[in-house]
Amino acid sequence: MATIRFESVGKTYPNGFAALENLSLEIADREFVVLLGPSGCGKSTTLNLIAGLEDVTAGSLYFDATLMNVVPAHKRDVAMVFQSYALYPHKSVYENIAFGLRMRGFEKNEIEKRVRGAARSLEIEPLLERRPHQLSGGQRQRVALGRALVRQPQAFLMDEPLSNLDAALRIAMRAEIKKLHHTMRTTFVYVTHDQAEALTLADRIVVMKEGVIQQIGTPEEIYDRPKNTFVASFLGNPPINYLEGTLSQDGRRFVRGAISLPLPIALPVQAGRPVRLGIRAEDVDPKGTGEQLGGRITSVLPVGSDQFLGVEVEGAALFFRVGREVRVHEGENISLPVNANRLQVFDPASGASLLWQ
Amino acid sequence: MRRIFLFFASVIFLVYVLAPVAWLLSSSFQGEAEITSRPPHWIPQQPTLENFEAIFQAREKKVTYETRRAGDPATGGYIPSTARDLLPSMWNSLVVAVSVVLLNLLVGVPAAYAMAKIRFIGRSTSIYFMLTTRVIPDIALVVPFFLFIRTFGLLDHLGSLVITYLAITVPFSIFILVSYFESLPDELDKAARVDGCSRLQTLTRVYVPLAMPALVAVVLFTFLSSWNEFLLALMFTQTPASQTMPIVVASFASDFTISFAFINAAGVLAVIPPVLMAVIFERYIVSGLTAGAVKG
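If you're matching them up, the sequences are chains A and B in order. Under the numbering used here, the first residue of the first sequence is numbered 1, with each subsequent residue one higher. Under the numbering used here, the first residue of the second sequence is numbered 1001, with each subsequent residue one higher.
Here is the structure:
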């Protein structure tokens, strides 16, 4: 149970590669923070810095008021779950879970009590005498969780813990991790590149790219008010559509050829300025009443509950998600009412949002 | 057809490899007269333990012209005059080999762990440097080693052998262990440290138990290297106080008479310790010797 605070933290490797630059972030006690980004964005490095597995090379890292920069990993009270689970192959499940407690000098009875308790809550009690290689992927994942939670650590770190599970199990485990956060009442830091995991689990999401934080916010903020095109593109399935165009005279409309769409708010910038419009795939409603976007259907991809429509609009290829009741065919012309309140506008050069700063 | 061919090929290979060993064993139980008979006897027709008796009694009895003439099996016949040095020299060999094995583990295991799992400046350079030392033939090192040993006053002392054997074996031990440690996932290292292990505890509690095959390979390799080593031992040892088994056995062949039966009995004794080790560690040997075959 601790607040974790990064103050202008940098991490540069001996070969000169800067994994993190000037990272400032405060993770509140008992908060569930997800670090989200593509591989190589520095999210795992951030987690390793918290765990003490790598050294901070610039700035300061605090747990509450304690400077942690030089505290070695084994003296920090954090627990970690790894993508590969990293169970000790030569130890039984019981010993795997008990190991952290043993190393910290807990009494035998207390270890027994805690290990049994954790095993019961994770439903792995019958497996305690087995070796890791005798377990399925999902069972190993539970053991790895058990190993972390028996310690009742100050912070619970997870590095892509669900990536090695199959899709169905992944969704079930998401729910369990969320439940775990409620019952453990401790700080969770969770690293993933999976937007769905981030949106499901997080109190706050930190979106990272190339060692720099792009945006910090609740899942709603990140999804509805992305600060730049990187954040907007990283979340959403299918990804957000972009249309290059210009701003109308009064700054209230987006114009591209025959298309003219109202913006959520008027922009105080010069008329005729080039802008990039962002339309999320689900923000068209064939039965709605909004202003319409006309185009020609290039593809129809049913995905069960919904269907994806490829639409060519003014020379740009867009991708929308609509209900399956919409009956359309390739090659037809279509007019899609747009949910104009949810449009995004970005600067085409920098990618920064013109709506949310 | 293919299988029959492979069967016979492996039989031929086995005979090629094992026949000398079989003859060594068989002849060690033969008297000097029988061993020189033609054709040689693969199975002793008059099995005798007199060669071994001679080895174990050589200490009490002195080989002189009189005893030779008297034909005492322990001292007479063709028993070489240095026979009495054999058992002490085997003890010397054992002391040197065990010391070299233990020191190799003591130095090699932590060094290999650091090189495999800790990113420090000069890490890959140090690995390559260590490997480079392996391409230098021992003969090139004899003179520098000799000067070094003489300067430190270690001539005719077991310490001289321990030091020089370490110089030769440690790089290879580290190479085997680095490859094996590298093949173990980094996340185990991280998990152990987050679980509360210091670096040393991570090594002893997680990596050492997992690296048993590689450790066995190192133990066997260093033991055999020391046990068999001849060149350096010939240079640095002068008296029975420090002579090792290969030196004394070689001296049997340079005596004014040569007893093949006796030499073969000594050979059988020399083979026993490595064979014992091989039997004890049998289940690790194959996986250990191929450790690092994929990586490194």
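Each residue gets a CB set at the ideal place from its N, CA and C atoms; glycine is no exception. All figures in this text were calculated on a predicted structure; none of them were measured in a lab.
Just confirm the distance between the C-beta atoms of residue i and residue j, as a whole number of angstroms; I'd bet it's less than 8 Å.
i: F156(A); j: A86(A); result: In fact, because the Cβ distance is near 15 Å, the residues do not count as touching under 8 Å.
i: A19(A); j: T3(A); result: Actually they are not in contact, since the Cβ atoms of A19(A) and T3(A) sit about 23 Å apart, beyond 8 Å.
i: I297(A); j: T187(A); result: The Cβ separation is near 48 Å, so there is no contact.
i: R1193(B); j: L53(A); result: 6 Å
i: V255(A); j: D159(A); result: Contact doesn't hold; Cβ gap of about 46 Å is too wide.
i: V1170(B); j: V1101(B); result: Not really, about 11 Å apart at Cβ, beyond 8 Å.
i: L235(A); j: Q195(A); result: 5 Å
i: D285(A); j: R342(A); result: Between R342(A) and D285(A) the Cβ distance is about 11 Å, and since that is not below 8 Å, they are no contact.
i: I1121(B); j: P274(A); result: 48 Å between Cβ atoms; not a contact.
i: S1225(B); j: I1168(B); result: 7 Å
i: W356(A); j: R142(A); result: Wrong, their Cβ atoms sit about 40 Å apart, outside the cutoff.
i: G137(A); j: L180(A); result: At roughly 18 Å, the Cβ-Cβ gap does not stay under 8 Å, so G137(A) and L180(A) are not in contact.
i: Q139(A); j: D77(A); result: 27 Å between Cβ atoms; not a contact.
Can you list, in chain order, the residues of its chain whose CB lies under 8 Å from that of residue i, leaving out five sequence neighbours each side?
i: T218(A); result: A202, D203, R204, I205
i: P72(A); result: G52
i: D1156(B); result: F1236, T1237, Q1238, T1239, A1241, S1242
i: H133(A); result: P89
i: L1231(B); result: D1138, I1139, V1142
i: R104(A); result: R151
i: C1197(B); result: R1205, V1206
i: S39(A); result: H193
i: R130(A); result: S92, V93
Excluding the 5 residues preceding and the 5 following residue i in the sequence, name in chain order all residues of the same chain whose CB lies nearer than 6 Å to its CB.
i: L1154(B); result: S1160
i: M68(A); result: L61
i: L162(A); result: R170, M173
i: V56(A); result: V9, L49, N69
i: L25(A); result: F6
i: R253(A); result: S260, P262
i: R276(A); result: Y242, E244, F346, P348
i: G288(A); result: P337
i: A1266(B); result: L1086, V1249
i: F1029(B); result: P1044, P1047
i: D64(A); result: A2, T3
i: G358(A); result: Beyond the ends of chain A as shown, which are 1 and 357, falls residue 358(A); an answer cannot be given.
i: A281(A); result: P238, F319, F320, R321
i: T200(A); result: R174
i: G1031(B); result: T1048
Give me the chain A residues within the contact set of residue i, using Cβ-Cβ distance strictly less than 9 Å, ordered along the chain.
i: I1121(B); result: P14
Which chain A residues are close to residue i, counting only those with a beta carbon under 7 Å from its beta carbon?
i: V1206(B); result: Y88
Kindly list the residues whose CB is nearer than 7 Å to the CB of residue i, restricted to its own chain and excluding five residues on each side of it in sequence; keep chain order.
i: R1123(B); result: M1115
i: A1112(B); result: I1174, L1177, V1178, F1181
i: S1010(B); result: none
i: F230(A); result: K209, Q214, G351
i: V1158(B); result: Before going further, note that residue 1158(B) is Leu rather than Val in the sequence given. Around L1158(B): N1092, V1095, V1096, S1242.
i: G37(A); result: K43, H193, V207, M208, K209
i: A232(A); result: P226, I240, G278, Q344
i: L122(A); result: R142, L145, G146
Chain B partners of residue i, CB-CB under 7 Å?
i: G100(A); result: D1195, G1196
i: S84(A); result: P1185, E1187
Starting from residue i, find everything on chain A with Cβ-Cβ shorter than 8 Å and list it in chain order.
i: Q1201(B); result: H74, M103
i: P1209(B); result: H90
Just to make sure I have the definition right: I need the residues of chain B whose C-beta is within less than 8 Å of the C-beta of residue i. Which are they?
i: M80(A); result: K1190, A1191, V1194
i: L53(A); result: K1190, R1193, V1194
Using a Cβ-based criterion (distance less than 7 Å to any ligand heavy atom), does residue i qualify as near the ligand GTP?
i: H90(A); result: As far as ligands go, the structure on display features none, and thus does not contain the ligand GTP.
Evaluate the contact criterion for the segment 286-306 of chain A versus the segment 332-345 of chain A: three or more CB pairs, one atom per stretch, below 8 Å.
-> Short answer: they touch.
Check whether the segment 1186-1194 of chain B touches the segment 1243-1260 of chain B, counting contact only when three or more Cβ pairs, one atom from each stretch, lie closer than 8 Å.
-> No contact exists between the segment 1186-1194 of chain B and the segment 1243-1260 of chain B.
Output the residue ranges of the alpha helix (DSSP H) runs that lie fully inside the segment 1132-1197 of chain B and measure 4 residues or longer, sorted by chain position.
-> Fully enclosed alpha helix (DSSP H) runs of 4 or longer: 1138-1151, 1158-1183, 1186-1194.
At least 3 beta-carbon pairs within less than 8 Å: the segment 1145-1152 of chain B vs the segment 1233-1243 of chain B | Short answer: they touch.
Could you pull out every unbroken alpha helix (DSSP H) segment of at least 4 residues lying fully inside the segment 192-251 of chain A, listed in chain order?
-> If we require 4 residues or more, the alpha helix (DSSP H) runs fully inside the segment 192-251 of chain A come out as 195-201, 219-224, 229-234.
Are three or more beta carbon pairs between the segment 111-130 of chain A and the segment 1209-1218 of chain B nearer than 8 Å?
-> Taking 8 Å as the limit for Cβ pairs, the verdict is that the segment 1209-1218 of chain B does not touch the segment 111-130 of chain A.
Jot down the residue ranges of each uninterrupted beta strand (DSSP E) in the segment 75-111 of chain A, minimum 3 residues, whole runs only, in chain order.
-> For the segment 75-111 of chain A, whole beta strand (DSSP E) runs of length 3 or above, ordered along the chain, are 78-81.
Enumerate, from N- to C-terminal direction, the unbroken alpha helix (DSSP H) stretches of 4 or more residues contained entirely within the segment 1017-1051 of chain B.
-> Runs of the alpha helix (DSSP H) spanning 4 or more residues and lying entirely within the segment 1017-1051 of chain B occur at 1032-1035, in chain order.
Beta strand (DSSP E) runs wholly inside the segment 300-327 of chain A, at least 3 long, in chain order | Secondary structure in the segment 300-327 of chain A: the beta strand (DSSP E) runs of 3 residues or longer, each lying completely within the stretch, are 306-313, 316-323 in chain order.
Complete runs of the alpha helix (DSSP H) confined to the segment 9-78 of chain A [at least 4 residues] | Runs of the alpha helix (DSSP H) inside the segment 9-78 of chain A: 43-51.
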